[in-house]
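Heads up: the structure comes next, in structure tokens.
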Amino acid sequence: MLEQGTISIHTENIFPIIKKSLYSDHQIFLRELVSNAVDAIQKLNMVSRAGEYSGEMGEPEIQLAIDKGKKTLSITDNGIGMTADEVKKYINQVAFSSAEEFIHKYEGKADQPIIGNFGLGFYSSFMVATKVEIDTLSYQEEAQAVHWSCDGSPAFTLEDSSRTTRGTTITLYLMEEEEEYLESPRVKNLVKTYCDFMPVPIKMDGEQLNQQKAPWRDSPNSLSQEDYLEFYRYLYPFQEEPLLWVHLNTDYPFIINGILYFPKLRPDVDVTKGQIKLFCNQVFVSDNCEEIIPQFLLPMRGVIDSTDIPLNVSRSALQGDRTVKRIGDYIAKKVGDRLKELYRSDRQKYITAWKDLSTFVKFGVLNDEKFKKQVQDLVVFRSTAKLEAKTAETPEVQVQSDEGDAWQDVSASTQDSNGDEYTTLKEYLERNKERHENKVFYCTDEASQATYVELHKSQGLEVLFMDSFIDTHFINFLEQEYNDVKFTRVDSDLDNTLLDKDTSGEIVDPKTNKTRSETIKELFEKAINKPKVNIRAEALKAETQQGTPPAMVLLPEILRRLRDMNALMQQQGTEFPEEHILLVNTAHPMIQNLAEISQGAIIQGDGESPSSQLVNMICQHVYDLALMSQKGFDAEGMKSFVERSNDVLTKLTEQAAK
């Protein structure tokens, strides 16, 4: 070993780094300096409560002032002030946090927490200023006011001051490229962004700039519904009213306060981007709460305020640790409790809000096992059934203030505000177990699958609507949870209940020795001429066949799901599969007419009569209409359909004109 020693670090080297690189955003200098001013006022309150100061307190306030002539911005507080020794200790010794030392001395004496944690915030002023001055007078009796000045180098001056009022003024001589902070609107905007809820009035030119009151720090019992709504409107102006909210208020095992809102989800909302504002002791930190909030709750809005969330030195980013995970679990639990309470106490309000809530709940069930156990019985689906509301006694209602549970008689409504019926999966299975045990009929697109839904309804089969973007994944989850239950989309195949299987009365043509169903099947096979299309000729049950479709395209459940999965994995649009079933309704009058026309067709010289041509064209047209209901056309297919439709109409008008 040649030598062993200690690496020395010179202030000349470290100071420029602190000035230029400590914070990623220059504008937060104002947040740091105003936070220090709030701390100074809180410290004075603490020493007063401790009996160490009996002088006049005065109304606490922070004054901001701009002098465009001198190119200065100043921040003045009427707080505790500093002596010369304290300036030397807390200002000259970089990163020695006076807040931390002060908290230890006066622990338990404050009604508002001290904001500062790092002791570096003051030096953010050198990101925008060529020179910084401190003029301060301590609260201590016979203290001498002092004036400190530094031009951004390690050199400083400290001398007596003529100041006569308790408190501190920090004056920034702004750099030429930072003169935007000499404009009042810019400064006011920064105060609103970072300091709006600080507990001390912040004033400039006689106007108070900050909201000051932080509703999330109040007891839930002290806030009315209008208070919550007014706060939401203030945070998110020009937005629709929120669906409901959750008030977070706990000091064990960590300190966290906040109000989270369930917003109405617009189509343009990015559910992967956080909308929740993060605060630390009422100081705005970030719009980014992704590390704290479980991913499925990111679309929520509101405020979270905690001193236990670990931030980096600039407060701009979180430092991941177990506390963050525990806070996320706590938030998810309180959200689950709130949903459970609403479901039990006001079922109709819950169901009315479900269209927006379902995204949160289903995504949470898929991704969070604890949350799933909380809310899995609260998942509801719109249904075709006509249900009756029941009156139920609610055994438990959990309220967010943790002040106890309540018993209530509630109307277990099954409808939303539009009159649509909703049910849980367990209720559906119980209701239909005698008709089709452990089988669920569902619809994913009400418009394109309307014919299939109506067919099920006509035979008394209940259909659930699973038509949100997340339901494709959610159905797979449900099948794992209910592994003895079969989920069948209404257009995948038809239950035997929907088909008339009685063929005893079906006539056999003596010329061909074929039944009408066999004849119809052959007509469509010839007209369509697609070997991969499986044609079935069967009769649908119905009171009146005129209301049933002449033909339906069916997509087998397993094949369709594989196709959807492949499209998702390859990030491509789903193409309509070549292999599918065309079920031709042999009981429909049009189909029966086709059979009659085909039997009366006369073969001519070219081998095909006009009647046969018409039959082929109508068969193709019926198939086209069945495809259209399934959105089975691409652009070229739609063009061909229009041309074929014109041909059919032309042929029909020709025959009618004869």
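Be aware that the sequence shown starts at 1128, since it is given in this note's numbering, and climbs by one per residue.
A virtual CB, placed ideally from N, CA and C, is assigned to each residue, including glycine.
| Check | Outcome |
| --- | --- |
| I1478 (DSSP reduced to helix, strand or coil) | helix |
| Contact check, I1193 vs S1252, beta carbons under 8 Å | no |
| E1652 at chain D interface by Cβ criterion, 8 Å | Among the chains in the structure shown there is no chain D, since it carries only a single protein chain. |
| Limits of the beta strand (DSSP E) - the one that M1407 falls within | For the sequence presented, residue 1407 should be read as Cys rather than Met. C1407 -> beta strand (DSSP E) spans Q1402 to C1407. |
| Distance CB(P1683)-CB(N1712) smaller than 8 Å | no |
| Residues near Q1782 by beta carbon distance below 8 Å, same chain, minus five either side | P1737 and L1741 |
| Under the three-state DSSP convention, the category V1327 falls into | coil |
| Separation of F1389 from L1681, as counted between CA atoms | 39 Å |
| Which listed residue (S1349, I1718 and L1157) has its alpha carbon closest to that of S1644 | I1718 |
| Enclosing alpha helix (DSSP H) for V1796 [first to last residue] | The displayed coordinates of the chain run from 1128 to 1785. Any statement about residue 1796 would go beyond what the structure contains. |
| Same chain, Cβ closer than 6 Å to Y1180, five either side skipped, listed in chain order | V1174 and Y1266 |
| At least three beta-carbon pairs within less than 8 Å, the region 1157–1165 to the region 1187–1203 | yes |
| Spatial neighbours of V1590 in its chain, beta-carbon cut-off 8 Å, leaving aside the 5 residues before and after | S1510, T1511, F1568, Y1569, C1570, V1580, H1583, K1584 and V1617 |
| Cβ neighbour criterion (16 or more within 10 Å) applied to D1483 | buried |
| Distance CB(I1454)-CB(I1436) smaller than 8 Å | yes |
| Nearest neighbour of A1666, chosen from L1709, V1660, Y1549 and I1655 [CA to CA] | L1709 |
| Rounded separation between P1364 and L1371 - CA only | 17 Å |
| Buried/exposed call for D1262, threshold 16 Cβ in 10 Å | buried |
| Contact test: L1425 Cβ vs the ligand FAD heavy atom, cutoff 7 Å | Although the ligand FAD was asked about, the structure shown includes no ligands whatsoever. |
| Coil, strand or helix - R1562 by DSSP | helix |
| Endpoints, alpha helix (DSSP H) assigned at I1168 | F1156 to R1176 |
| Alpha-carbon spacing of G1185 relative to S1433, whole angstroms | 29 Å |
| Contact set for L1779: own chain, Cβ-Cβ below 8 Å, skip 5 residues either direction | L1741 |
| At least 3 beta-carbon pairs within less than 8 Å: the region 1592–1609 vs the region 1645–1656 | no |
| Per DSSP, cross-strand counterpart(s) of T1284 | S1276 |
| With 16 other Cβ atoms within 10 Å as the buried cut-off, status of T1291 | exposed |
| Distance, R1293 Cα to E1213 Cα | 15 Å |
| Within 8 Å, strictly: CB atoms of F1324 and Q1339 | yes |
| Identified DSSP bridge partners for V1660 | H1707 |
| According to DSSP, residues forming a beta bridge with F1592 | R1509 and C1570 |
| Beta-carbon proximity check, L1387 vs L1405, cutoff 8 Å | no |
| Nearest-angstrom Cα separation, counted from S1289 out to G1279 | 24 Å |
| Spatial neighbours of F1381 in its chain, beta-carbon cut-off 8 Å, leaving aside the 5 residues before and after | S1433, D1435, T1450, R1453, I1454 and Y1457 |
| Test item: CB-CB of W1343 and N1384 under 8 Å | yes |
| DSSP-derived helix/strand/coil call for L1425 | coil |
| Buried or exposed (CB count within 10 angstroms, at least 16 for buried), A1167 | buried |
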